[in-house]
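This report concerns only the one structure given below.
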Amino acid sequence: MATTDMERPGGGGFGTRSWRALTAVPRSWNRFWRRVALYMPKRLYARSLLIVITPMILLQSVVAFVFMERHWQTVTVRLSQAVTRDIAGIIDLLDTFPQPDSYAQIIRIAQERMSLKIDLLPAEPLPPPGPKPFFSILDQALSSEIRKQINKPFWLDTVGNSNIVEVRVQLDDKVLRVFVRRSQAYASNTHIFLLWMVGTSLVLLTIAIPFLRNQIRPILQLTEAAESFGKGRPMPPNFRPRGAEEVRRAGFAFIQMRERIERQIDQRTAMLTGVSHDLRTILTRFKLQLALSGSKVDTEALSQDVDDMQSMLEAYLAFARGEATEDPGRFDLTSYLDKIGEEARLRKRKLKVTLVGEPEVHVRPNAFARLLQNVVGNAFRYAKEVEVKAVHDRGMLVVMVDDNGPGIPEEKREEVFKPFFRLDEARNLDSTGTGLGLAVARDIARSHGGDIKLSDSPLGGLRAMIRVPA
Numbered sequence: 001m002a003t004t005d006m007e008r009p010g011g012g013g014f015g016t017r018s019w020r021a022l023t024a025v026p027r028s029w030n031r032f033w034r035r036v037a038l039y040m041p042k043r044l045y046a047r048s049l050l051i052v053i054t055p056m057i058l059l060q061s062v063v064a065f066v067f068m069e070r071h072w073q074t075v076t077v078r079l080s081q082a083v084t085r086d087i088a089g090i091i092d093l094l095d096t097f098p099q100p101d102s103y104a105q106i107i108r109i110a111q112e113r114m115s116l117k118i119d120l121l122p123a124e125p126l127p128p129p130g131p132k133p134f135f136s137i138l139d140q141a142l143s144s145e146i147r148k149q150i151n152k153p154f155w156l157d158t159v160g161n162s163n164i165v166e167v168r169v170q171l172d173d174k175v176l177r178v179f180v181r182r183s184q185a186y187a188s189n190t191h192i193f194l195l196w197m198v199g200t201s202l203v204l205l206t207i208a209i210p211f212l213r214n215q216i217r218p219i220l221q222l223t224e225a226a227e228s229f230g231k232g233r234p235m236p237p238n239f240r241p242r243g244a245e246e247v248r249r250a251g252f253a254f255i256q257m258r259e260r261i262e263r264q265i266d267q268r269t270a271m272l273t274g275v276s277h278d279l280r281t282i283l284t285r286f287k288l289q290l291a292l293s294g295s296k297v298d299t300e301a302l303s304q305d306v307d308d309m310q311s312m313l314e315a316y317l318a319f320a321r322g323e324a325t326e327d328p329g330r331f332d333l334t335s336y337l338d339k340i341g342e343e344a345r346l347r348k349r350k351l352k353v354t355l356v357g358e359p360e361v362h363v364r365p366n367a368f369a370r371l372l373q374n375v376v377g378n379a380f381r382y383a384k385e386v387e388v389k390a391v392h393d394r395g396m397l398v399v400m401v402d403d404n405g406p407g408i409p410e411e412k413r414e415e416v417f418k419p420f421f422r423l424d425e426a427r428n429l430d431s432t433g434t435g436l437g438l439a440v441a442r443d444i445a446r447s448h449g450g451d452i453k454l455s456d457s458p459l460g461g462l463r464a465m466i467r468v469p470a
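Counting from 1, one number per residue, gives the positions in the sequence shown under UniProt numbering.
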């Protein structure tokens, strides 16, 4: 099969190197924008300000460049040409009327008709050239015009903030010194244009910034409401959808979503509670019938099964209460840590407790106490040594529970969070054996906007890390 130049590497057409170069352009462009994104502001308000200010600065820069390059430089060149023509005219008068008696009339004409102050100095060398300014349109334009129109040795002094420009021209037997007002040879009113440009930009920004803040505020309120709902807290009382149409639609959609989720949680809780209540009634009848039966040997196994079912139902109710609505409040970590210290002494466990930061956190107290009880109680069951460290800093509470127990295999650390999952070996995570301990704990943590992660402990067992906003 014949290959064309398009297909053949190094062919006369679009070869392999060209194709690689073309495909490398998007990758380079993406890398460039990823690097730019690292230095871009992350907040919406700052980015919106950047969107407003950046085009304004670019526009002003272009306008200023065009003004400097075209208008300012053109006007300065023309003024320099006019001043140079006046100086050239004076030199022609001096050449035409070389008598010393006519010098006074020439000086008078230059002062009255041309606004130039001139002096005739003895024939002496011109001063050495001074340092030229880094950026001076006047120096460049005036020097260029003197070379073109007069074509004699000259010395020019435009440096400094003086309103006078001094020009010396070497004549045959004398030196002509001319003092010119800077405004005669230089467009000196450019600062007015710059002031107007900057001033109007500040006025526009003064109007745009409050307007932009009013447009951003509904988005921030919607974010705050969503974060409060994600943390299990009530929605801010002053929240209502407002702002632009898209923002209002997002606000109404969030309110509807929140109502649907709350209805679903209420229905689930009511269902679990109802089922558990009905089953408890049946279990009560079983217990009564077993108590009235005569043979204890025949009923002992059945009584154990009834007790197990009772424990399972209590676990179901606890799981249902984990999603029940509870108002947020203050939870004292110090009191709770003292409580688990007493429990450790009763169970004869070695406990080390560390608290860093403020002891009070803002959570749902009963639910959060159940979370900690499930995790810490499990550590007491399967370990002899337990360490609890709570760190409350910058609105985040991190509780690490370490133990020296048998631990959990790494591949099963996510599965143990599933409801009713039980390990066949090592350890169960719920005192009732139903496998709801960590499911309830993670459910409560996520309802607060946090989570629970399991990992290896420095003590050799299991580490449970609880992170919740507080």
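Note that CB positions come from ideal geometry on N, CA and C, so glycine has one too.
Under the three-state reduction of DSSP, Phe417 is assigned to helix. In this structure, Phe179 places its C-beta atom within 7 Å of the C-beta atom of Lys117. Residues Thr76 and Leu138 of the same chain have their beta carbon placed closer than 6 Å to that of Tyr186, with the five preceding and five following residues left out of the count. In chain order, Leu121 and Arg168 place their CB closer than 6 Å to the CB of Val175, counting only its own chain and leaving out the 5 sequence neighbours on each side.
Here Pro218 carries a helix assignment [DSSP, helix/strand/coil].
Comparing alpha-carbon positions, the option among Pro241, Pro234 and Leu204 lying closest to Gln221 turns out to be Pro241. In the DSSP assignment, Leu94 falls within the alpha helix (DSSP H) that extends over Gln73 to Thr96.
Nearest Cα to Glu245 within the set Pro218, Ile51 and Ile261: Pro218. For Trp155, the beta-bridge partners assigned by DSSP are Arg168.
Secondary structure at His448: coil, using DSSP grouped into helix, strand and coil.
DSSP, read as helix, strand or coil, puts Ser293 in coil.
The three-state reading of DSSP puts Ala390 in strand, counting E and B together. Spanning the alpha carbons of Arg43 and Leu49 requires a straight line of approximately 10 Å. The C-beta separation of Glu343 from Phe380 comes to about 7 Å, placing the pair in contact by the 8 Å criterion. Nearest to Gly329 by alpha-carbon distance, out of Pro41, Lys231, Glu224 and Gln81, is Lys231. The segment 362-379 and the segment 434-443 touch, with no fewer than 3 CB-CB distances between them shorter than 8 Å. For Asp402, the CB contacts under 6 Å within the same chain, skipping 5 residues up- and downstream, are Glu387, Ser457, Leu459 and Arg463 in chain order. For the pair Ile261 and Arg446, the Cα-to-Cα distance works out to about 14 Å. With a 10 Å radius around the Cβ and a threshold of 16 neighbouring Cβ atoms, Met257 comes out exposed. Taking all protein chains shown into account, Arg108 has fewer than 16 neighbouring C-beta atoms within 10 Å of its C-beta and is therefore exposed. The C-alpha of Glu385 is placed about 21 Å away from the C-alpha of Arg413. Contact between Met400 and Met465 holds: their C-beta atoms lie close to 5 Å from each other, under 8 Å.
Only exposed fits Ser115, as fewer than 16 other CB atoms lie within 10 angstroms of its CB. Membership of Gly460 in any alpha helix (DSSP H) is not indicated, and neither H nor E is assigned to it by DSSP. Residue pairing by DSSP places Lys174 opposite Pro122 in a beta bridge. With a beta-carbon spacing of about 17 Å, Arg177 and Asp95 fall beyond the 8 Å limit used to define contacts. Nearest neighbour of Glu112 by Cα position, chosen from Pro129, Ile90, Ser228 and Pro100, turns out to be Ile90. Beta-bridge annotation (DSSP): Pro469 is paired with Met396. Annotated three-state conformation of Phe67 is helix, per DSSP. For the pair Gly357 and Asp332, the CB atoms are not nearer than the 7 Å cut-off. Each residue's CA atom was taken as its position, placing Ile53 and Ile340 some 57 Å apart.
Distance from the CA of Arg181 to the CA of Ala88, rounded to the nearest whole angstrom, comes to 17 Å.
Of the residues Ala123, Phe154 and Glu145, the one whose Cα lies closest to the Cα of Gly130 is Phe154. Residue burial is scored here from C-beta neighbours: Gly251 has at least 16 other C-beta atoms within 10 angstroms and is therefore classed as buried. In this structure, the CA atom of Asp157 is about 23 Å from the CA atom of Asp92. In the same chain as Pro359, and ignoring 5 residues on each side of it, the C-beta atoms closer than 7 Å to its own belong to Asp332, Leu333 and Thr334, in chain order.
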